[in-house]
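Letter by letter, the sequence shown follows residues 1389 to 1575 in the working numbering.
Ideal Cβ positions, reconstructed from N, Cα and C, are used throughout, including at glycine.
What you are looking at is a predicted structure, and each value in this text was computed from that prediction instead of being measured.
Worksheet: the structure to be examined is printed underneath.
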Amino acid sequence: MESEKDTKAKLYSRYPSSSVLIYNGSTILHFLLGGTGIALGYNFSPWSGYPLGVLYFVLSLVEMYVVMPLTVCPNCVYYGAKDSLCVSGLNILSKKIAKEGDLKDFPRRAEGLFCPNNLYLASLIVPILAMIPALIVNFSVVLLLILLAVVGLLLFRFFIIFPRIACLHCRAKYECPQAGAMGVRNR
Ligand code: SF4
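This is the structure in structure tokens:
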């Protein structure tokens, strides 16, 4: 008979390359499609469509690959763990650009209106919210397909990546508010 420990998910000190690839691939695809959708949806003026699409894409990349490693990762267990690789790979980048923080500050990633967690969520949801009115005033099949693809990527992240690939196997899941919200701490 399996003990409770045996039935629990394995915690990774180093995530498999496939997990890192899926996580970052879906993130960058989400930002790229989101930026493209905004650019196409608002292309009725040369000053709105492409500048807004590019602005969204750049800000999302900065939020994910600059703000997170500067503010969240230094307080994460993966920052200090030798030879570790978290699911985003950002612990490696963080070590190069930020000083080590304090593990007990890790939950602060979810505190306050403009906390890193909310900015991260905003970077995923903003293109969806922007494309819906654009579809009404500037409908095209391509824009509709991009919207569906971005919604699909969001659902894939929430129902597959977080609970099955990322948070389930994360060594930070006992401190991380997102893991608490995903209900993976006792799995
Ligand atoms: S539990 Fe999930 S959100 Fe939290 S640090 Fe780990 S992978 Fe990231």
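- Message: Is any non-hydrogen atom of the ligand SF4 found closer than 7 Å to the C-beta of Cys1464, if you look at the structure I gave you?
- Response: Yes, the Cβ of Cys1464 comes within 7 Å of a heavy atom of the ligand SF4.
- Message: Quick check: Ile1547 and Ser1414, are their CB atoms within less than 8 Å of each other?
- Response: Position check: residue 1547 holds Phe in this sequence, whereas Ile was assumed. No, these two residues do not count as a Cβ contact at 8 Å.
- Message: So the candidates are Arg1402, Ile1485, Leu1473; which of them puts its Cα closest to the Cα of Leu1458?
- Response: Ile1485
- Message: Which same chain residues end up closer than 6 Å to Cys1461 when comparing Cβ atoms and leaving out the 5 residues on each side of it in sequence?
- Response: Tyr1467, Leu1478, Asn1479, Ser1482
- For Val1446 and Pro1565, the rounded distance between their alpha carbons: Roughly 26 Å between the two C-alpha positions.
- Item | Run of the alpha helix (DSSP H) containing Gly1441, from where it starts to where it stops | 1437-1450
- Item | CA-to-CA distance, Ser1406 to Arg1575, given in whole angstroms | Approximately 21 Å between the Cα atoms of the pair.
- Item | Ile1524 versus Pro1515: straight-line alpha-carbon distance, rounded | 15 Å
- Query: How about Leu1542 and Gly1429: do their beta carbons lie closer than 8 Å?
  - Reply: Leu1542 is not a Cβ neighbour of Gly1429, given a cutoff of 8 Å.
- Message: Measuring only the C-alpha atoms, how far is Gly1441 from Lys1396?
- Response: 42 Å
- Check whether the Cβ of Phe1550 lies closer than 7 Å to any heavy atom of the ligand SF4, and answer yes or no. yes
- Item | CA-to-CA distance, Glu1563 to Leu1491, given in whole angstroms | 8 Å
- Query: Would Arg1402 be called buried (16 or more neighbouring beta carbons within 10 Å of its own) or exposed?
  - Reply: Counting the other Cβ atoms within 10 Å of the Cβ of Arg1402 gives fewer than 16, which makes it exposed.
- Item | Counted within 10 angstroms of its Cβ, other Cβ atoms place Lys1561 as buried (16 or more) or exposed | When all chains shown are included, Lys1561 counts as buried.
- For Leu1533, which option in Leu1421, Phe1550, Ile1416 has the closest C-alpha, if you only look at C-alpha atoms? Leu1421
- Query: Using DSSP with H/G/I as helix, E/B as strand and the rest coil, what is Leu1428?
  - Reply: helix
- Task: Run the proximity test for Val1450: is its beta-carbon closer than 7 Å to any non-hydrogen atom belonging to the ligand SF4?
- Result: No - the ligand SF4 has no heavy atom lying nearer than 7 Å to the Cβ of Val1450.
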